[in-house]
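In this text, residue positions in the sequence shown follow this note's numbering: the first is 42, and each later residue adds one. Idealized CB from N, CA, C, for every residue including glycine. Note that the structure is predicted; figures quoted are calculated from it, not measured. Everything below concerns the one structure shown next.
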Amino acid sequence: MNDDIRIEDEEELEAPSAEETDAEETHAGPVAELHLIRSGVVTGDTFPINGRAVIGRFDPEMGPIDVDLAPLAEAVYISRKHAVIEFAEGAWTITDLGSSNGTFVLVPGEDFQRIETPTEIGDGDQLSLGNARFTFHLAEEEDEETEDEDDV
């Protein structure tokens, strides 16, 4: 009878835990997005960020990229591996990966500042990779706001 208990315990250990399953479901869809801005207007071009994404232009010699901006007219100013956006320790950050034309974050009331270290970003922040401008948007917050409105 003790053998049966051990077998059941082993089977339970092999199955994914509830935490692992929840983590997989959390990363199933985008949790943030970049919205392209052209001539001061947000376009319909949206690029999902799922926890962590390297942004740049695909090149067969460099390998795959998470967010490929090669189809954009602005791509000539974007490095193959330009920047990374990631969520870690409760905050979103953007980090330049040694790009030629820089990564910039708009400082409210000022101008775009070139970043040289990981820089925290939040919902609605404007970013620039070379001359390509984007608005960073937290997709999760939109879902939470909709749920809150349903509760009222």
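- In the DSSP annotation of this structure, the continuous segment of the beta strand (DSSP E) that includes Glu74 starts and ends at 73–79.
- Non-local beta-carbon contacts of Val108 in its own chain, meaning distances under 6 Å to residues more than five positions away in sequence, involve Phe88, Ala94, Ile96 in chain order.
- Linking Glu74 to Thr84 through their CA atoms gives a straight-line distance of about 13 Å.
- For the options His76, Asp86, Asp164, Ser169, the alpha carbon positioned closest to that of Phe128 is the one of Asp164.
- Residue environment for Arg98: buried (at least 16 other C-beta atoms within 10 angstroms of its C-beta).
- According to the DSSP secondary-structure assignment, Asp100 is paired through a beta bridge with Gly104.
- Taking C-beta atoms as the reference points, Phe145 and Ser120 fail to come closer than 8 Å.
- For Ala111 and Val148, the gap between their C-alpha atoms comes out near 27 Å.
- Here DSSP, grouped into helix, strand and coil, assigns Val148 to coil.
- Counted as a single uninterrupted DSSP element, the beta strand (DSSP E) harbouring Gly85 occupies residues 82–90.
- Looking from the CA of Asp152, the closest CA among Gly131, Ser140, Leu113, Arg174 belongs to Arg174.
- By the Cβ-count criterion, Ala132 is exposed, with fewer than 16 other Cβ atoms from all chains shown falling within 10 Å of its own Cβ.
- In this structure, Ala116 sits away from Asp137, with a CB-CB distance that is not shorter than 8 Å.
- Here Ser140 has Ser120, His123 as same chain residues with Cβ atoms under 6 Å from its own Cβ, once five neighbours each way along the sequence are excluded.
- According to the DSSP assignment, Asp137 belongs to the beta strand (DSSP E) that extends over 132–137.
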